[in-house]
Amino acid sequence: MTFFDAMQRLSRSSTSPLLIGGLELSRPERVEPFFQQSTDAVFFFNHLGEIIYFNEQLPRMLGYSKETLYNHFAVFNPPEQHASVTAFFERALAGETVHYTAQGLHADQHRLTLKITNMPIEQDGHVVGVYGIARDITREKQLEDDVVHIRSQLELTEQIPELVVFHYDPVNRTIEYSPSLIKYLGIESSLVNPFSNEQLHQRIHPRDFDPLRFQMIRLLDGEIDTFEQEVSVLNADYEYQLLRLKALRRDGPTGLISLILYDLSEVSEARRELALEREQTREIYEALEAAISQIDLSTGRLLFHSKGFFQIFEELPHDLILSQDWLFERLDPRDVPAMKRFILQLQSGKASSIQYRLSFPDGRMKWIEDQQIPVFQLDGSIAYTNSIMHDITLQKEYEERLQQLAMYDSVTGLPNRLSLTETIRDWMQANTAFSILSISFNRISDINNAFGHASGDQWIQATSALLNTSKPEGVFFGHLGGDEYAILVPSSLKDDITSYAETLLSLSVEPILIDPYALFTRVSIGISRFPDDSNDPVELMKHSYTALRRSRRENQSTVHHYASNLDIDYYRRYRLEQDLHYAIERKQLFLEYQPKVDSWTGKIIGLEALIRWQHPEWGRIPPNDFIPLAEESALHIAIGDWVVETACQAMLDWSSAGADLVPVSVNVSPKRFLIPGFEHQIEQILATYQLPAELLELEITEAALIMDDPNISRTLEHVSRLGVRIALDDFGKGYSSMVYLQRYPIDVVKIDRQFAVHIAEDKKAQAIVKSILYMAKEFNLAVIAEGIETIQQLEMFRALECPNIQGYLFSRPVSAAVMESFLIREVLYPIEACSLASDNVPSFTVQGKIKMLQHQNQTFDFSFSEIQAHRTSTRHLYFTTDTPLPLQTATFEVRLSEGLQLVSCTLTVTAFEDGQYVGRYTTTQEAELVLRFFQTLRYNG
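First residue of the sequence shown: 246, per the numbering used here; consecutive thereafter.
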């Protein structure tokens, strides 16, 4: 049978390779020569014990024809060994590698002594056969047995088949005639009558004569009764042959002395070869850094050990007994349980390996790797174990350094995301209730862009140090990336998690120093809890980060706890990010305009263009939701240019309708100034629409100026020379450095809306506004107060002599068509802002939950979000929720409950009317169930 055919018979799969101790047999043409070139016999068994493949050495060893060898292994073993050999075979079938010595039957029925190894052949984790390798050690075994035989039989000379036997008469001092002696010496019988002592003395090698004569004198004098000695004697071929001589006196002092000579040439050669092998082995063992030893498991005695054993342990056990007490005294206590399991496994006959630590009195520690393989007697008992030990301390130190690099951040030295995940898993397994706080300082991208990555690293180090000094004992602090961090807070912390989070929010009050700047920031925090929010480490981290993203969308430092509705919110954000790429192309973006008016007359003196997005599925998208998405990619360039062009086109349309034009301001992303060519784009748009430059105003925030980038300064100077006005938006909200007003060509200052909220009762707010107005007058800057919504606020700003205002008091943002009528009218009158009319607020409410099941043929497993259902019909359910929902394209599951009553249904949200979502029932049966549910509640009420 060919090697390939044998592999086919063993294989259970056409795709998975066969494995022998890690050797893959998938390429027969490469593997088979390895077996055929082996000097030992190699063979494969199937699971029944039948030989299905062998190399050329097996028939040479056993003498059988190749056809005969395709048989069960029992055919080639003596009957008395069938049970023991079968036991070893079954252990290999069970997945164990075994080594043993057994006898094999040669074709001529003489017995061979074989040293055998059996290993499992595996495929897909299952043992499909057994690999065997055998070495003929008959000669070595025979020589060993011969030595033992000769030694033992010399004690009973009469039972030994002698080579030469003769007798010496001590009285007559003559050698008696011996045919075996004469024959051995090759002397003719006619020349030995009598055979003299001198004739024998001449045949003994000179170096051996004196020692032999000395022992014979002692024997003759009665000092000893017997002796043995090796002597070289000239044989019949006149060659010195090494013999062993035994002499013993019989029948008292005058009795004959019997002498027996044994041929020891083969034994001597075996001894010489054995000594040479031992010397070579000793040299190899001493050269190896490993510690090689043989250990008797039953007694712990070291049967053999190399010099490396002493180098590892730095001492040897008393009487060479490697007891558990001796070992455990030197073992690191953390490794004692593993060592006990290791010893039990060896005692059960299984090879095993272990890594453990040795502790030394001077405080040093060594890492040791120990591999031990049991060697069995023929009866299946363990004779001893072969042990190879290596000092792997340097390797472990290297692994620890790699672990440090893998688990810790190089900039802050804090545990990284991988380490955080492992710690979360450990805390979960310990069933420790805890919260994850994901924290962001929200400035790293701006700092890297404005000041470079070296300053970015300083920022990261400063923010991490700030958090580190603010954390209480017992928490775990790690780095997520950038200026984002995570803190694991156990529920045992004395402060509740919300109070602790609010403490961290206060870090935004003071500036953070990075040479040579002092930078303010806002702190955003997201919180998830174990076990409330998830039992999976990765998912719990994701929930915390989802809550963080919600916090980052706020304009101030804030904290959000994870809630199930954030799953849908995150999915909505993802969909918006994808769809935003096509919003201009699909004409989903449009502009609304809010007028700026004279504080006393109400005359329109300018407009602010505000971008809006009407999404076909998610409805009206607030700018705060999609503008950050645009700035995370290059979309802000295309959208910003579109806003400028659309505003210019609107001015042309208004002019054609007969309206007097006023300057229109557009908001420009700080990142837009970092891209060269923006000033030329403005110049080209003005030329295209043939508009005077003074009708266009660019609104920028202080965030753009804090970058202090040369491109920003150059671009502002260029557009200012064109005649385009520059307005500084949200003045007073952030840094409000007077240097900006001096350094950059600012024409307009817009006072942040936060001052309008508190202007009536807050003296400090009044003082700040008064200071801004005075400064603007001195710098010859126009001033506009934002966020004016009440008559009281208007009167206060009039009292402070603020010339211009913008806010809902005069108009909400309106379409281009409505603004056209405003411009023709020229003057607007204040209307007190009011809340939603009470008749629009539903008067009937049922608490419920909603979960999105499918959107655009994609299935989800989100958590439920809270809703309030207000009314139902035979086709629709009307409800409100804080969670934004897509229209027309998604399927939802709704559950409504009141007391013990519960009803559920599936629906598609079709519209958003009067502040309520309208959901269309999937089936009329579900609509009827919900209708009866509502009727029952109203009846009970």
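Just so you know, even glycine gets a beta-carbon here, dropped at the ideal spot from N, CA and C.
By Cβ distance, which residues of its chain are closer than 6 Å to ILE884, with the 5 residues on each side in sequence left out?
Translated into positions along the sequence shown, residue 884 becomes position 639. Within the same chain, ILE884 has close Cβ partners ALA875.
Cβ-based neighbour list, SER1060, same chain, cut-off 7 Å, excluding 5 preceding and 5 following:
The residue you call residue 1060 lines up with position 815 of the sequence shown. Excluding sequence neighbours, SER1060 sits near GLU837.
Identify every residue that forms a DSSP beta bridge with CYS1150.
Taking the sequence shown and counting its residues from 1, the one referred to as residue 1150 is at position 905. CYS1150 pairs with VAL1139.
Take PHE440 as the anchor and find which of PRO1075, THR342, ILE420 and HIS563 has the nearest alpha-carbon.
Residue numbering aside, residue 440 sits at position 195 when the sequence shown is read from its first letter. For the residues PRO1075, THR342, ILE420 and HIS563, the minimum Cα distance to PHE440 belongs to ILE420.
Does ASN800 come out as helix, strand or coil in the three-state DSSP assignment?
Walking along the sequence shown from the start, residue 800 turns up at place 555. Residue state, collapsed to three classes: coil.
Since ASP615 sits in a beta bridge, which residues does DSSP pair it with?
Position 370 of the sequence shown, counted from the start, is the residue given in the question as residue 615. DSSP, once it has assigned bridges, lists ILE599 and MET634 as partnering ASP615.
Which value, in whole angstroms, describes the spacing of the CA atoms of ILE382 and MET306?
Along the sequence shown, read from residue 1 onward, the residue named residue 382 stands at position 137. Along the sequence shown, read from residue 1 onward, the residue named residue 306 stands at position 61. Roughly 11 Å between the two C-alpha positions.
Quick check on GLU1006: does DSSP put it in helix, strand or coil?
One-based indexing of the sequence shown puts residue 1006 at position 761. It is coil, neither helix nor strand.
By the three-class DSSP mapping on this structure, what secondary structure does GLN859 have?
Mapped onto the sequence shown, residue 859 falls at position 614. The answer is strand: DSSP assigns GLN859 an E or B state.
Sub-8 Å separation of VAL969 and ALA938 beta-carbons:
For the purposes of this step, residue 969 is identified with residue 724 of the sequence shown, where counting begins at 1. For the purposes of this step, residue 938 is identified with residue 693 of the sequence shown, where counting begins at 1. Closer than 8 Å, so yes.
Three-state secondary structure assigned by DSSP to SER626
The sequence position of residue 626 within the sequence shown is 381, counting from 1. In this structure, SER626 counts as coil in the three-state DSSP scheme.
PRO840 - containing beta strand (DSSP E), residue span
Position 595 of the sequence shown, counting from 1, holds the residue named residue 840. Per DSSP, PRO840 belongs to the beta strand (DSSP E) from 834-843.
Which runs of the alpha helix (DSSP H) at least 4 residues long sit entirely within the segment 863-940? Give them in chain order.
868-876, 880-901 and 923-934
Within a Cβ cutoff of 8 Å, which residues of the same chain sit near GLU574, ignoring the five residues on either side of it in sequence?
In the sequence shown, the residue the question calls residue 574 occupies position 329. Taken in chain order, the list of residues that qualify is empty.
Compare the C-alpha of VAL416 against each of SER664, LYS428 and THR499 and name the closest.
Walking along the sequence shown from the start, residue 416 turns up at place 171. Closest option to VAL416, Cα to Cα, is THR499.
Any 3 or more C-beta pairs closer than 8 Å across the segment 336-352 and the segment 308-325
yes
Since ILE427 is in the alpha helix (DSSP H), which residue starts that stretch and which ends it?
Start at 1 with the first residue of the sequence shown, and residue 427 comes out as number 182. First-last of the alpha helix (DSSP H) with ILE427: 424-430.
CA-CA distance, TYR315 and LEU542?
Locating residue 315 in the sequence shown gives position 70, counting from the first residue. Locating residue 542 in the sequence shown gives position 297, counting from the first residue. C-alpha separation (whole angstroms): 39 Å.
Considering Cα atoms alone, identify which of ARG865, ARG767, VAL330 and ILE669 is closest to VAL783.
Numbered from 1 along the sequence shown, position 538 holds the residue referred to as residue 783. Cα-wise, what sits closest to VAL783 is ILE669.
Taking the alpha-carbon positions, what's the ILE627 to PHE621 distance?
For the purposes of this step, residue 627 is identified with residue 382 of the sequence shown, where counting begins at 1. For the purposes of this step, residue 621 is identified with residue 376 of the sequence shown, where counting begins at 1. Straight-line Cα distance between these residues: approximately 4 Å.
Under DSSP, the beta strand (DSSP E) around LEU725 begins and ends at which residues?
If you number the sequence shown from 1, residue 725 lands on position 480. Element bounds for LEU725: 721-726.
Stretch pair the segment 357-377 + the segment 254-266: three plus CB contacts closer than 8 Å:
yes
Mind checking LEU1145: buried by the 16 CB within 10 Å criterion, or exposed?
Position 900 of the sequence shown, counted from the start, is the residue given in the question as residue 1145. LEU1145 should be labelled exposed.
Residues bridged to PHE472 by DSSP?
Counting from one through the sequence shown, the residue named residue 472 turns up at place 227. ALA492, per the DSSP bridge assignment.
How would you call ALA895, buried or exposed, if buried means at least 16 neighbouring beta carbons within 10 angstroms?
In the sequence shown, counting from the first residue as 1, residue 895 sits at position 650. Per the 10 Å Cβ criterion, buried.
Straight-line CA distance for ARG817 to HIS635?
Residue 817 sits at position 572 when you count from the first residue of the sequence shown. Residue 635 sits at position 390 when you count from the first residue of the sequence shown. Those two C-alpha atoms are separated by around 57 Å.
Buried/exposed call for ASN442, threshold 16 Cβ in 10 Å
Sequence index remark: in the sequence shown, residue 442 carries index 197 (1-based). Exposed, since its Cβ has fewer than 16 Cβ neighbours within 10 Å.
Please report the straight-line C-alpha distance between ARG1116 and PHE1124, rounded to a whole angstrom.
Looking up residue 1116 in the sequence shown gives position 871. Looking up residue 1124 in the sequence shown gives position 879. Taking the straight line joining both Cα atoms gives about 7 Å.
Could you check how far apart the C-beta atoms of GLN750 and GLY771 are, in whole angstroms? I think they sit under 8 Å.
In the sequence shown, residue 750 corresponds to position 505, counting from 1. In the sequence shown, residue 771 corresponds to position 526, counting from 1. With the sequence shown as reference, residue 750 is identified as Leu, and Gln is not the correct amino acid for it. Going by Cβ atoms, the distance from LEU750 to GLY771 rounds to 12 Å, so no, they are not a contact pair.
As assigned by DSSP and simplified to three states, the class of LEU1145:
Position 900 of the sequence shown holds residue 1145. LEU1145: coil per DSSP, three-state reduction.
DSSP three-state assignment for ALA808, whether helix, strand or coil
As a working mapping, residue 808 is identified with position 563 in the sequence shown. If DSSP states are grouped into helix, strand and coil, ALA808 belongs with coil.
Can you tell me where the beta strand (DSSP E) holding ALA481 begins and where it ends?
Your numbering for residue 481 matches position 236 in the sequence shown. First-last for ALA481: undefined, no H or E at that position.
Given that a residue counts as buried once 16 or more other Cβ atoms are within 10 Å of its Cβ, and exposed if not, what is TRP704?
Working through the sequence shown from its first residue, we reach residue 704 at position 459. Classification for TRP704: buried.
What whole-angstrom Cβ distance do ASN956 and PRO921 have, given they're in contact under 8 Å?
Residue mapping note: residue 956 aligns to position 711 of the sequence shown, counting from 1. Residue mapping note: residue 921 aligns to position 676 of the sequence shown, counting from 1. Contact flag correct, Cβ pair sits at about 7 Å.
Classify SER441 as helix, strand or coil using the three-state DSSP reduction.
Position 196 of the sequence shown, counted from the first residue, corresponds to residue 441. Three-state DSSP puts SER441 in coil, outside helix and strand.
How would you label THR766, buried or exposed, when you count the other beta carbons within 10 angstroms and need 16 or more for buried?
Walking along the sequence shown from the start, residue 766 turns up at place 521. Counting Cβ neighbours within 10 Å, THR766 comes out buried, since at least 16 surround it.
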